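In what follows, a single structure is set out as structure tokens and then discussed.
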Amino acid sequence: MTMTDAAPTGPSTATDGSAPLLDVRDLQMYFPVKSSGLIRRTVGHVQAVDGISFQIESGGSLGLVGESGCGKSTTGRLVTRLYKPTDGSIHFEGRDIAGLGPRQLKPLRRDIQMIFQDPYGSLNPRHTVGRIIGTPLEIHDVVPKKQVLPRVQELLEIVGLNPEHYNRYPHEFSGGQRQRIGIARALTLQPKLLVADEPVSALDVSIQAQVINLLQDIQREFNIGFLFVAHDLAVVRHFCPEIAVMYLGKIVEIGERDAIYQHANHPYTQALLSAAPDVKQAAIGGRRERIQLQGDVPSPINPPSGCRFRTRCSYAQDICAAVEPPLLQIGRRHKVACHFAGEIGHHPAEPVTAPLLGVDRHGDRVPGTDPTPGLGTDSGYSDTWYDFPGRRMVRDESA
Amino acid sequence: MWAYIVRRLFIGVALLLALTLVTFVLFFASPVDPARYACGKNCSEQQRDQARAALGYDKPVYEQWGLFMKGVVAGRDFPADEELRAAAPEVVTHCAAPCLGYSHLNSSTVNDLVKEAAPVSISLALVALVMWLVGGVLFGILAAVFKGSFIDRGIVGLTLVAYAFPTFFIAVFFLKYFAVKWELWPYPTYVSLADGGLASWLGNLIVPAFTLALVFMAGYVRMTRAFMLESMTEDYIRTAKAKGLKQRKVLFKHGLRAALTPLVTMTGLDFATLLGGAIITESVFAYPGLGLLTVQASDAWDLPTVIGVVVLAGSFVILMNIIVDISYAFIDPRVRLG
Amino acid sequence: MDNFLSVRDLRVHFPTPDGVVKATDGLSYDLARGKTLGIVGESGSGKSVSSSAILGLHRGTNAQVSGEILLDGTNLLTITDEEMRQRRGKEVAMIFQDPLSAMHPYYTVGNQIAEAYRVHHDVNKKAARTRVVEMLELVGIPQPDRRVDDYPHQFSGGMRQRAMIAMALINDPSLVIADEPTTALDVTVQAQILDLLQKLQREFNTGIIIITHDLGVVAEMADDVLVMYAGKAVEYGPTKELLTHPEMPYTWGLLSSVPDLTADVDEKLVPIPGTPPSLLSPPKGCAFHPRCRYKDQVAGDLCVTQQPDLTPGSRGPGHLKRCHLTDPTVPNEEEVARS
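Residue numbers (our numbering), protein chains in the order written: chain A, 6 to 404; chain B, 288 to 625; chain C, 33 to 371.
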């Protein structure tokens, strides 16, 4: 598949030919904003998630990073279908689950589970741990009643808790232990995909590592796919081989760990990385040059035209306000949505996307040229991509 | 803001409509025949039917309700029976909109009855409100500031006492000992502001109003204390202290304002309820307010009066609710009505 | 060095029905003008409690405070409540974690900052307002003359924290205590706020105590670091030395348990096993010993029976550690072996 014929039909195949576990395409979540009149009309929408596409392979993990309000948590809730998306598709094991009703979703709840940030708020304080973990087993009739307790104890052991503590209540556990209970509950039904929404950010530093290691062990042992939502860049880097950076409801850059952390092409990713305090670098005095972002994130009700980051971007030019940059593949597993994509110090002077979009450097249409159809809507990666520095198509020879 | 008020008023009117309807239905669902009461003890079957027709009780419930609503909107003439009105024009009474009905028992429109009784209830509620707010908030703050000390324990203990005694007991106690036995205070009888002037009006109101206020005060002391203690643990209190503000300013400018906000809702609703009549207090002190009127009317199955008072009391509550909600926009800048 | 703040053997104990909670138990440190001390620790380590004691915020509660807090030669623990109040906000100011809850929702930002100014300066409202607008401009709030009349909820998180900084610095205090000042903020905003704090520190020559659980923040901000565990200092010294060559297993554990942006991702994180101790009944001996992986390397059962003193470490003057390990480089060697 090349970029030119990437028509967004069914789920595309991953590089190894097998269908991905999760294939999200053009996912959109608009929350209505009501007016204050006598009749409450919808006067606008919070564009929490606006047309994002990505894939997660079986047993793979994608990290979703970004700052508050970027839509990363909403995305997690859409994938678990706690929200019903406004538009777009969510193919799970080849089946579109975006439009399913509550009854059709029930079997799906076994396969897709969620781990929450606040381990205390998400555990019913009046239920024993055994009941919290065992209830899903009973609801879904997975094991006979007699085997519920042994299974609960097995799960407690897996997450590193004393199996004899099944009769205790959540308040009798520490924060880290509660998060382990939350993980055990998520594991009860042997899910294929786990959505972890800031699973360690409420925990003490020394406990965070315990939980991250536990999640890693679980992923390897049970081959569970992960959508890991977090704001901590270092944690995401440690956990996920693939990372998507979100800004105001859009994915601005997605790619392999090295592509994002060593060869970031989007000015926002670069700013985000430069802002993260890093113990080792700072301690040896080698503090990186910090890219200061001016101002605040604009409102998701009225996001800026064109590129949403342009209001805070030091590279922005006319074209950024006129045309939205498509999420283009620029490396084997690396996509970026920027007219001036390039590594720090190598941002081009001319918009690299202009020829593909059929516009000039100001974003005006060039007569006689058409934008390449289907640009940037594919959820996976293709074997050929456009090499911006070289201005030519490149084919992945290893494929 | 205006759109919000208009919307709330619409909802309020709808609520009132439902309220009157429910009152009508409840009255007619009861096994008691109001016409029998109206007719008197030695009443033949025929006389009773006549009375029923004259009062309009022979019509179906929805029709009676419709007539009542017509009266509220456009006014109406009594007696309800058209033939009777045509036969004896001299007994016809016109009741102008908003007409709350005609009490055959009192030979008077409900509007006139209410006009006499409402000032009594309003006076009582108003004086009681001032008493329980001042007392409740003051002692509540004191208890909160000296939390755990004997002052706190004493105040909280007293509120329990006030809670524990029923209002009628307190009322009778005051009457018997204060007014009759020890003659500390003249026996209270209602004197209107116009008749007796401020001093006499207030002087006569103090004992019944205090009786009424006592149980509310107990509640407000405890709420003020709880809200105050809660607001004093807020982060912004710590900020205020860290700025070097004097304790008094931390307490009153930062702590109290947040603590009093939830009290506004309570006060509005409690006051509105009392405007509709304090049944026990008015009964014991024989104050001819809406509460007493309601008691007498229900005893006599005087349907029009009961409905009239219900509608009035309901309007007070609904209106006060709207006022409370609007006042929040001024109290809390985070609240934007819309 | 010219230390204007000296804390000596500070103890903050809270009597409870279950026993005495020793939130801070014998803490000593110094701070020079214009310098930054980072206090690091997990929740319940006593890092916040010890700092509110400097502001005297424990006064009027049942906390038992002893020791010495010398600010410019005055012991803040022995002065009267009124003398303490006059120093609050004027000589010592505080920046809190969550600027939304730390500001009163009913008063404008300008009103609240002006209040901080007027309580220590005899000026009228107009003069205070002018000064507030000046400060808001200084901390980088756009259109300060307009935003001064906004309420806290109308500000973004970053702007609120800027406003808090303006409030803290308006009286030009010699000491600012920043309690997790960026924890509630996004990373790019955190970067803005930390840069702002450093800029203002240079301008006003303010001493800063920054309390945080984030070693990255400490690494970027602090000249000295104090690591706290179970109410006590377990390691104290110059930031650079301490973060590159920790000699106390807990410090080392903190460093090795957080991933960073350059580490080898195939390496597993090395967490500190177990959970922080209860302050009601801290472990006998070294409070960290139940979680320590090096206690076997100490002769006998010293770690279990005897609490180690804070003794000089090997990383130059001012480096102190609380550990029985005779070879202080053990943790580092493992670090070297790992990388």
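Every residue gets a Cβ at the ideal spot worked out from N, C-alpha and C, and that includes glycine.
Remember, it's a predicted structure, so these values are computed and weren't measured experimentally.
task: May I ask you to verify whether the segment 123–130 of chain C touches the segment 173–180 of chain C, counting CB pairs closer than 8 angstroms and requiring at least 3?
output: no
query: Looking at the unbroken alpha helix (DSSP H) that takes in LEU113/A, where does it start and where does it end?
result: Numbered from its first residue, the first sequence carries residue 113/A at position 108. Looking at the DSSP string, the run of the alpha helix (DSSP H) that includes LEU113/A is 107–116.
- prompt: When the Cβ atoms of the segment 350–359 of chain B are set against those of the segment 328–338 of chain B, are three or more pairs found closer than 8 angstroms?
  reply: no
message: Measuring CB atoms only, is the segment 308–325 of chain C touching the segment 230–244 of chain C, in the sense that at least three cross pairs come out at less than 8 angstroms?
response: no
LEU485/B - DSSP class collapsed to helix/strand/coil: The count along the second sequence starts at 1 and reaches residue 485/B at position 198. Note: LEU485/B maps to helix in three-state DSSP.
- request: Would you check if the distance between the CB atom of THR120/C and the CB atom of LEU103/C is smaller than 9 angstroms?
  value: Residue numbering aside, residue 120/C sits at position 88 when the third sequence is read from its first letter. Residue numbering aside, residue 103/C sits at position 71 when the third sequence is read from its first letter. Here the sequence assigns Arg to residue 120/C, which means Thr is not the residue at that position. Not a contact, by the Cβ cut-off of 9 angstroms.
- prompt: Do you know whose CA, among LEU220/A, TYR320/A, ALA280/A, lies nearest GLY347/A's CA?
  reply: Taking the first residue of the first sequence as 1, we reach residue 347/A at position 342. The shortest C-alpha to C-alpha distance from GLY347/A to any of LEU220/A, TYR320/A, ALA280/A is the one to TYR320/A.
task: Take the Cβ of THR511/B as the centre, count every other Cβ of all protein chains shown within 10 Å, and call the residue buried at 16 or more, exposed below.
output: To locate residue 511/B, count along the second sequence from 1; it is residue 224. Per the 10 Å Cβ criterion, buried.
field: beta strand (DSSP E) segment containing ILE163/A, residue limits
entry: Here the question's residue 163/A lines up with position 158 in the first sequence. No beta strand (DSSP E) holds ILE163/A; the alpha helix (DSSP H) holding it covers 153–163.
query: Rounded to the nearest angstrom, how far is the Cβ of VAL582/B from that of ILE566/B, given a contact under 8 angstroms?
result: The residue given as residue 582/B occupies position 295 in the second sequence. The residue given as residue 566/B occupies position 279 in the second sequence. About 6 angstroms; that satisfies the 8 angstroms criterion.
Any C-beta of chain A under 9 angstroms from that of THR358/C: As a first step, residue 358/C is located in the third sequence; it is residue number 326 there, counting from the start. Output row for THR358/C: interface = no.
message: What are the residues in the segment 214–238 of chain A lying within 8 angstroms of chain C by C-beta distance?
response: Those would be ALA214, GLN215, ILE217, ASN218, GLN221, HIS236, LEU238, in chain order.
query: According to the Cβ coordinates, are GLY135/A and ASN172/A closer than 9 angstroms?
result: The residue given as residue 135/A occupies position 130 in the first sequence. The residue given as residue 172/A occupies position 167 in the first sequence. Yes, the Cβ-Cβ distance between GLY135/A and ASN172/A is below 9 angstroms.
Inter-residue Cα distance where the pair is ILE609/B and GLY601/B: Within the second sequence, the letter at position 322 stands for residue 609/B. Within the second sequence, the letter at position 314 stands for residue 601/B. Looking at the two C-alpha atoms, the distance is approximately 13 angstroms.
- request: Report the three-state DSSP secondary structure of VAL494/B (helix, strand or coil).
  value: The residue you call residue 494/B lines up with position 207 of the second sequence. Helix, per DSSP.
- request: State whether the segment 322–337 of chain C contacts the segment 298–309 of chain C, with contact taken as three or more CB pairs (one from each stretch) at a distance under 8 angstroms.
  value: yes
message: Considering Cα atoms alone, identify which of GLN334/B, VAL359/B, LEU550/B is closest to CYS386/B.
response: Stepping through the second sequence from its first residue, residue 386/B is reached at position 99. Checked all of GLN334/B, VAL359/B, LEU550/B; the closest Cα to CYS386/B is VAL359/B.
- prompt: Which residues share a DSSP beta bridge with ALA201/A?
  reply: Taking the first residue of the first sequence as position 1, residue 201/A is located at position 196. The partner list for ALA201/A (beta bridge, DSSP) reads ILE120/A, PHE233/A.
task: Would you mind working out which of ASP34/C, LEU247/C, LEU334/C sits nearest ILE71/C, comparing C-alpha positions?
output: Within the third sequence, the letter at position 39 stands for residue 71/C. Out of ASP34/C, LEU247/C, LEU334/C, LEU247/C has the C-alpha closest to the C-alpha of ILE71/C.
message: Buried or exposed, going by whether 16 or more other CB atoms sit within 10 Å of the CB of THR106/C?
response: As a first step, residue 106/C is located in the third sequence; it is residue number 74 there, counting from the start. Burial call: exposed.
query: Which chain C residues are close to TYR266/A, counting only those with a beta carbon under 9 angstroms from its beta carbon?
result: Locating residue 266/A in the first sequence gives position 261, counting from the first residue. Here the neighbours are LEU293, THR294.
Through-space distance from MET418/B to VAL432/B, alpha-carbon basis: Against the second sequence, residue 432/B aligns to sequence position 145. Against the second sequence, residue 418/B aligns to sequence position 131. When rounded, the separation of the alpha-carbon atoms in VAL432/B and MET418/B is 21 angstroms.
- request: Mind reading off the beta-carbon distance from VAL141/C to PHE187/C? Whole number of angstroms is fine, and I expect it under 8 angstroms.
  value: Reading the third sequence from its first residue, position 109 is the one you call residue 141/C. Reading the third sequence from its first residue, position 155 is the one you call residue 187/C. Contact holds; Cβ gap of about 7 angstroms.
- request: Would you please state the rounded distance, in angstroms, between the beta carbons of VAL216/A and GLY181/A? I believe it to be under 8 angstroms.
  value: For the purposes of this step, residue 216/A is identified with residue 211 of the first sequence, where counting begins at 1. For the purposes of this step, residue 181/A is identified with residue 176 of the first sequence, where counting begins at 1. Contact holds; Cβ gap of about 6 angstroms.
query: Closer than 9 angstroms, CB to CB, is VAL164/C near chain B or not?
result: What you label residue 164/C is simply residue 132 of the third sequence in a count that begins at 1. It does not; no Cβ of chain B falls within 9 angstroms.
- prompt: For MET199/C, which residues of its own chain have a beta-carbon under 6 angstroms away from its beta-carbon, when the five flanking residues on both sides are left out?
  reply: The residue you call residue 199/C lines up with position 167 of the third sequence. For MET199/C, where only same-chain residues beyond five positions count, the Cβ hits under 6 angstroms are ILE145, ALA148.
query: Touching or not, the segment 577–597 of chain B and the segment 399–412 of chain B, by the rule of three or more beta carbon pairs under 8 angstroms?
result: yes
message: Give me the subset of the segment 61–80 of chain C whose CB atoms are less than 8 angstroms from a CB atom of chain A, sorted by chain position.
response: Only GLU74, SER75 from the segment 61–80 of chain C bring a Cβ to less than 8 angstroms from some Cβ of chain A.
- prompt: Residue range of the beta strand (DSSP E) that ASP62/C falls in?
  reply: Mapped onto the third sequence, residue 62/C falls at position 30. From DSSP, the beta strand (DSSP E) with ASP62/C extends over 51–64.
message: Give me the chain B residues within the contact set of PRO137/C, using Cβ-Cβ distance strictly less than 8 angstroms, ordered along the chain.
response: Here residue 137/C refers to the residue found at position 105 when the third sequence is read from its first residue. In chain order, TYR523, ALA545, ASP619, PRO620, ARG621 make up the part of chain B whose C-beta sits under 8 angstroms from the C-beta of PRO137/C.
- request: Report the rounded CA-to-CA distance for LEU42/C versus GLU100/C, giving the unit in angstroms.
  value: Counted from its first residue, the third sequence places residue 42/C at position 10. Counted from its first residue, the third sequence places residue 100/C at position 68. So the two alpha carbons sit approximately 6 angstroms from each other.
message: Helix, strand or coil for HIS45/C? Go by DSSP, reduced to three states.
response: For the purposes of this step, residue 45/C is taken as the residue at position 13 of the third sequence. Three-state result, HIS45/C: strand.
query: Given a threshold of 16 other Cβ atoms within 10 Å of its Cβ, counted over all protein chains shown, does TRP390/A qualify as buried or as exposed?
result: Position 385 of the first sequence holds residue 390/A. Label assigned to TRP390/A: buried.
- prompt: Any contact of the segment 211–226 of chain C with the segment 43–55 of chain C, i.e. 3+ C-beta pairs under 8 angstroms?
  reply: The segment 211–226 of chain C makes no contact with the segment 43–55 of chain C, as fewer than three CB pairs between them are under 8 angstroms.
field: Cβ of ARG185/A within 9 angstroms of any chain C Cβ
entry: The residue given as residue 185/A occupies position 180 in the first sequence. Answer no: the Cβ-Cβ gap between ARG185/A and chain C never drops below 9 angstroms.
message: Against chain A, with Cβ distances strictly below 9 angstroms, would GLY174/C count as a contact?
response: As a working note, residue 174/C is residue 142 in the third sequence. Correcting the residue type first, residue 174/C is Pro in the shown sequence and not Gly. Chain A contact via Cβ: present.
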